[in-house]
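Engineer: Just so we're aligned, residue 2 is where the sequence shown starts under this note's numbering, counting upward by one. Below is one structure. I have some questions about it.
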Amino acid sequence: MSANNPFSHHSCDDYLALQAILMQDAFNREDTRKIRKHLLKIRDNKLVLPSLLLVEQKFKADLIPFMKEEFYQLKGYALSRVHQFNNALTYFEQAVLLNEGESSDFGSNTLAAIGNCHYYLGNYAQSIDFFLVALNEASKNKLRFDCLFNIASIYSKLDMFDKSIQYFDDALQLIPDNKPAQKAKVMCFKGVVCKKNKQYQKAEELFGESLSLAELHQADLVIADIFFEIADLHAELGDYESGLFNMDLSLEFRNQLRTTKDTAFAHFYKGKFNYKLQRYFEAIKDLETAISLLDQLELEVAYEDLYYLLGLSYKGIGDFESASKYYEKAIKQTRKTYSKENSKQFAKMENEFGLKKKDKAIKELSALKEELIEQNEALDEFVGKAAHDMKEPLRMIEKYMELINKDANTGSGSFDSDYFNIVNSSVHRMTRLIDDLLHFARCGVEGHNVKMVDLSHVFIYVQQNLRRVIDEKNAKLILPENPPKVKGNLTSMISLFQNLIGNAIKYNVNEQPEVKVDFKVLATGNLWIDVKDNGIGIPKDQYESIFDAFKRLHKHDEFEGTGLGLATCKKIVDSMGGKIYVTSVVGKGSTFHIQFLQT
């Protein structure tokens with residue numbers, strides 16, 4: 002990882018300065034800051050562990066116990082420097098625990114350091130988790146940038162290109178105007194992602210923009226990186242001559258900067274391009290230079306590629322003995338790294354699967370959040386309407402009770418019986434509204450009790466419950482023979498059909514209201530049910546709004562009701578994943594269509 006690495010310099014002077022501070026018997030926070038500063042600058046592996054030992058001895062002596070979290074963090078950094086990432090994690094985690102609830106900057110820096118350790122251990126999903134937490138807690142833009150940059154780099158490594166670009170774009174937003182070289186670097190990385198995704202034109206545009214910016218501000222290291230990536234892009238497109246030209250430009254800057262590792266890789270790529278152009282002597286020269294530089298660094302790199310290319314190049318000039326020697330080296334190295342590479346590939350697939358699964362979960366949570374917001378808005382609207390409808394009978398009760406009290410106070414004793422009838426009627430309406438509200442709130446939430454419900458049983462209950470109104474209105478109810486079973490809940494099914502059939506009888510001015518229930522099993526296995534009546538009908542512009550809570554098309558003195566019946570029906574059908582809608586002809590009747598999903 003290129004960001005959040007505290008070991009940017011090394012110096013024996015820093016080791017000596019660290020020794021001098023630790024020889025004191027007492028410490029303060031300024032001393033601790035100096036200890037931290039010098040320890041972080043010691044990059045030489047031979048000095049890192051002795052430096053740690055010096056600091057640890059002082060802490061064990063309990064001279065500065067109030068800075069233990071600082072020590073654990075410093076030791077974690079130092080162990081990271083010598084690639085002891087599992088041990089480093091132990092100390093970083095202790096630092097986080099000790100710092101909990103105190104310094105958010107300290108905590109977020111340590112969390113980012115944990116993210117780095119997981120990255121180097123190949124635990125990419127965990128690494129992203131820690132970077133995201135650090136990002137959320139960080140107060141400084143520098144650390145926020147580091148987190149975003151590292152997350153983008155991980156997604157690029159996993160070939161999750163869209164996510165990588167998204168985080169690089171977020172990182173770009175945090176770069177201050179006085180750091181154009183940093184901006185050029187991020188744009189170059191975006192170009193690399195586009196190149197990996199085979200968006201070659203976009204990659205070239207980004208490399209061009211970043212190069213112009215870097216050259217304008219003389220950012221030599223970034224310029225070297227950009228020329229390297231341009232060279233690789235041109236070679237990938239088959240233009241090896243252009244690749245060599247740009248790689249030579251990159252090497253010019255590398256040689257000035259003395260970056261051994263990057264110089265080695267530049268020679269490796271030059272060797273590869275020369276081989277493709279059948280310039281075998283030049284290829285051999287560059288490849289052997291690359292091996293010599295890498296040997297100095299004692300790095301674990303893919304030597305098999307170098308050896309194999311050298312073998313091919315020696316074969317190209319007819320030196321079969323040297324070719325055979327390098328082929329053997331390539332085979333030996335391949336065997337050595339085969340199991341490691343398999344493990345890496347497996348880890349990459351595992352991490353990619355884990356991150357995709359996590360992204361899916363995040364999207365599902367976001368969708369759920371949106372749904373909850375919509376439900377809350379709908380609930381607010383529902384509560385408002387409920388309050389409005391409940392106030393109306395209360396106002397009537399209040400008004401007529403005042404009239405009754407007035408008569409009582411005048412001593413006339415001649416209370417109008419209509420007053421009492423209106424009060425009783427209002428109480429009745431309010432009681433029914435409360436009952437319907439409770440029923441509406443409870444319906445459609447019996448998901449744990451879903452089973453196959455026999456509609457013949459449902460219709461028996463409905464006829465019994467509606468017996469009085471059926472007889473009073475001389476209604477004719479035509480039900481299907483051998484009705485099917487429905488996947489649902491018995492109580493909800495009774496409520497659904499009782500509301501539909503009851504409404505069909507109520508909103509009907511014929512001498513004999515007629516309600517017919519039909520069903521049809523579709524080819525998909527789903528069930529279609531129609532409830533048809535010969536009632537007063539519904540205007541077309543009201544087809545959707547009639548399912549809203551408290552929506553009434555008629556006044557109370559025309560047709561009694563609370564406006565919750567059809568809202569209850571829709572809630573039940575929606576909870577089962579089905580659909581309900583109406584078609585109607587005013588004056589001739591309506592048909593409510595219900596589709597139940599049986600699969």
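No residue lacks a Cβ here, since even glycine has one placed at the ideal position from N, Cα and C. If you're wondering where the values come from, they're calculated on a predicted model, not measured in any experiment.
(1) Assuming the contact rule is C-beta atoms closer than 8 Å, Glu227 and Phe208 should be a hit. Round their C-beta distance to whole Å, please.
(2) Report, in whole angstroms, the separation of the C-beta atoms of Pro284 and Leu307, which I expect to be a contact under 8 Å.
(3) If you draw a straight line from the alpha carbon of Met188 to that of Lys541, how long is it in whole angstroms?
(4) So the candidates are Tyr281, Gln297, Ala96, Ala215; which of them puts its Cα closest to the Cα of Ala324?
(5) Please name the residue in Lys197, Val134, Asp287, Lys286 whose C-alpha comes closest to that of Asp160.
(6) Using CA coordinates, which residue listed in Ile461, Val574, Ile530 is at the minimum distance from Ser493?
(7) Can you give me the C-alpha to C-alpha distance between Asn88 and Gly77, rounded to a whole angstrom?
(8) Run the CB neighbour count on Arg82, radius 10 Å, all protein chains shown included, and call it buried at 16 or more, exposed below.
(9) I need the boundaries of the alpha helix (DSSP H) containing Thr91, first residue and last residue.
(10) Taking buried to mean at least 16 other C-beta atoms within 10 Å of its own C-beta, is Gln74 buried or exposed?
(11) Can you list, in chain order, the residues of its chain whose CB lies under 8 Å from that of Met583, leaving out five sequence neighbours each side?
(12) Is it right to say Gly489 is buried, meaning 16 or more other beta carbons lie within 10 angstroms of its own, or is it exposed?
(13) With three or more C-beta pairs closer than 8 Å as the rule, is the stretch 508–515 touching the stretch 474–484?
(14) Look at Val463 and Phe520 and say whether their C-beta atoms are less than 8 Å apart.
(15) Taking 8 Å as the threshold (C-beta atoms), are Leu567 and Asn500 in contact?
(16) By DSSP, does His119 sit in helix, in strand, or in coil?
(17) Would you report the Cα separation of Ile176 and Leu17, rounded to the nearest angstrom?
(18) I'd like to confirm the pairing. Which residues does DSSP put opposite Gly77 in its beta bridges?
(19) Measure the alpha-carbon distance for Lys1 versus Val518 and round it to whole angstroms.
(20) Say yes only if the C-beta of Glu329 is nearer than 7 Å to one or more non-hydrogen atoms of the ligand HEM, and no if none qualify.
(21) If you count every other CB in all the chains shown that lies within 10 Å of the CB of Ala21, and 16 or more means buried, which is it?
(22) Go ahead and label Gly84 buried or exposed: buried means 16 or more other beta carbons lie within 10 angstroms of its beta carbon, across all protein chains shown.
(23) Find the nearest neighbour of Gly123 within the set Leu250, Ile155, Glu205, judged by alpha-carbon distance.
(24) Please classify Asp531: does DSSP put it in a helix, a strand, or coil?
(25) Pull up the distance between the alpha-carbon of Glu205 and that of Ile231, whole angstroms please.
(26) What does DSSP give as the partner residue(s) for Gly590 in the beta ladder?
(27) Buried or exposed: Thr525, going by 16 or more other Cβ atoms within 10 Å of its Cβ?
(28) Shortest alpha-carbon distance to Phe169 belongs to which of Val587, Ile152, Glu216?
(29) What runs of the alpha helix (DSSP H), each 4 residues or longer, lie entirely inside the stretch 455–526?
(30) Taking DSSP as the reference, what is the three-state secondary structure of Lys199?
(31) In whole angstroms, give me the CA-to-CA distance for Lys452 and Phe597.
(32) Near His557, what residues of its chain come up, given a Cβ to Cβ distance below 6 Å and the 5 sequence neighbours on each side ignored?
(33) Going by CA-CA distance only, name the one from Asp178, Gln95, Leu288 that's closest to Phe269.
(34) Is Met577 helix, strand or coil when you go by DSSP?
Structural biologist: A quick look at the data gives this:
(1) In the sequence shown, counting from the first residue as 1, residue 227 sits at position 226. In the sequence shown, counting from the first residue as 1, residue 208 sits at position 207. Residue 227 is actually Ile in this sequence, not Glu. Contact holds; Cβ gap of about 6 Å.
(2) Position 283 of the sequence shown holds residue 284. Position 306 of the sequence shown holds residue 307. In the sequence as presented, Pro is not what sits at residue 284; that position holds Ala. So it is not a contact: roughly 11 Å between Cβ atoms.
(3) For the purposes of this step, residue 188 is taken as residue 187 along the sequence shown, with counting starting at 1. For the purposes of this step, residue 541 is taken as residue 540 along the sequence shown, with counting starting at 1. Distance between the alpha carbons of Met188 and Lys541 is about 57 Å.
(4) In the sequence shown, counting from the first residue as 1, residue 324 sits at position 323. Among Tyr281, Gln297, Ala96, Ala215, the Cα nearest to that of Ala324 belongs to Tyr281.
(5) Position 159 of the sequence shown, counted from the first residue, corresponds to residue 160. Ranking Lys197, Val134, Asp287, Lys286 by Cα distance to Asp160 puts Lys197 first.
(6) Counting from one through the sequence shown, the residue named residue 493 turns up at place 492. Relative to Ser493, the option among Ile461, Val574, Ile530 whose CA is nearest is Val574.
(7) Within the sequence shown, residue 88 is the residue found at index 87, counting from 1. Within the sequence shown, residue 77 is the residue found at index 76, counting from 1. The straight-line gap from Cα to Cα measures roughly 7 Å.
(8) On the sequence shown, residue 82 is found 81 positions in, with the first residue counted as 1. With 16 or more other Cβ atoms within 10 Å, it is buried.
(9) To locate residue 91, count along the sequence shown from 1; it is residue 90. Counting along the chain, Thr91 sits inside the alpha helix (DSSP H) bounded by residues 86–100.
(10) Locating residue 74 in the sequence shown gives position 73, counting from the first residue. The C-beta of Gln74 has 16 or more other C-beta atoms within 10 Å across all chains shown, which makes the residue buried.
(11) Mapped onto the sequence shown, residue 583 falls at position 582. Met is not the amino acid found at residue 583; the sequence shown has Val there. For Val583, the CB contacts under 8 Å within the same chain, skipping 5 residues up- and downstream, are Ile539, Tyr544, Ile547, Ser591, Thr592, Phe593, His594 in chain order.
(12) Counted from its first residue, the sequence shown places residue 489 at position 488. Flag for Gly489 reads buried.
(13) In this structure the stretch 474–484 touches the stretch 508–515; the number of beta carbon pairs closer than 8 Å is three or more.
(14) Counting from one through the sequence shown, the residue named residue 463 turns up at place 462. Counting from one through the sequence shown, the residue named residue 520 turns up at place 519. Not a contact, by the Cβ cut-off of 8 Å.
(15) Position 499 of the sequence shown, counted from the first residue, corresponds to residue 500. Position 566 of the sequence shown, counted from the first residue, corresponds to residue 567. Going by C-beta atoms, Asn500 is nearer than 8 Å to Leu567.
(16) Start at 1 with the first residue of the sequence shown, and residue 119 comes out as number 118. For His119, the secondary structure class from DSSP, reduced to helix, strand or coil, is helix.
(17) Within the sequence shown, the letter at position 175 stands for residue 176. Within the sequence shown, the letter at position 16 stands for residue 17. Their Cα atoms are separated by approximately 36 Å.
(18) Sequence index remark: in the sequence shown, residue 77 carries index 76 (1-based). Paired residue(s): none; Gly77 is not in a bridge.
(19) Residue 1 lies beyond the residue range present for the chain, which begins at 2 and ends at 600; the question has no answer from this structure.
(20) The ligand content of the structure shown is nil, which means the ligand HEM is not present either.
(21) Here residue 21 corresponds to residue number 20 of the sequence shown, with the count starting at 1. Exposed, since its Cβ has fewer than 16 Cβ neighbours within 10 Å.
(22) What you label residue 84 is simply residue 83 of the sequence shown in a count that begins at 1. It should be noted that the sequence gives His, not Gly, for residue 84. By the 10 Å Cβ count, His84 comes out exposed.
(23) Position 122 of the sequence shown, counted from the first residue, corresponds to residue 123. Out of Leu250, Ile155, Glu205, Ile155 has the C-alpha closest to the C-alpha of Gly123.
(24) As a first step, residue 531 is located in the sequence shown; it is residue number 530 there, counting from the start. The DSSP-derived three-state label of Asp531 is strand.
(25) Residue mapping note: residue 205 aligns to position 204 of the sequence shown, counting from 1. Residue mapping note: residue 231 aligns to position 230 of the sequence shown, counting from 1. Cα to Cα, Glu205 sits roughly 7 Å from Ile231.
(26) Sequence index remark: in the sequence shown, residue 590 carries index 589 (1-based). Gly590 pairs with Val586.
(27) Counting from one through the sequence shown, the residue named residue 525 turns up at place 524. Exposed, by the Cβ-count rule.
(28) For this step, residue 169 is matched to residue 168 along the sequence shown. Looking only at Val587, Ile152, Glu216, the smallest Cα-Cα distance to Phe169 is reached by Ile152.
(29) Runs of the alpha helix (DSSP H) inside the stretch 455–526: 456–466, 468–473, 491–507.
(30) Position 198 of the sequence shown, counted from the start, is the residue given in the question as residue 199. It is coil, neither helix nor strand.
(31) Position 451 of the sequence shown holds residue 452. Position 596 of the sequence shown holds residue 597. Near 13 Å, if we compare the C-alpha coordinates of Phe597 and Lys452.
(32) Here residue 557 corresponds to residue number 556 of the sequence shown, with the count starting at 1. Low per-residue confidence applies at His557: pLDDT is 46, beneath 50, and the placement is therefore not dependable, though the value from the model is reported in the following sentence. Cβ neighbours of His557 beyond the five flanking positions: none.
(33) As a working note, residue 269 is residue 268 in the sequence shown. Checked all of Asp178, Gln95, Leu288; the closest Cα to Phe269 is Leu288.
(34) Within the sequence shown, numbered from 1, the residue matching residue 577 stands at position 576. Three-state DSSP puts Met577 in coil, outside helix and strand.
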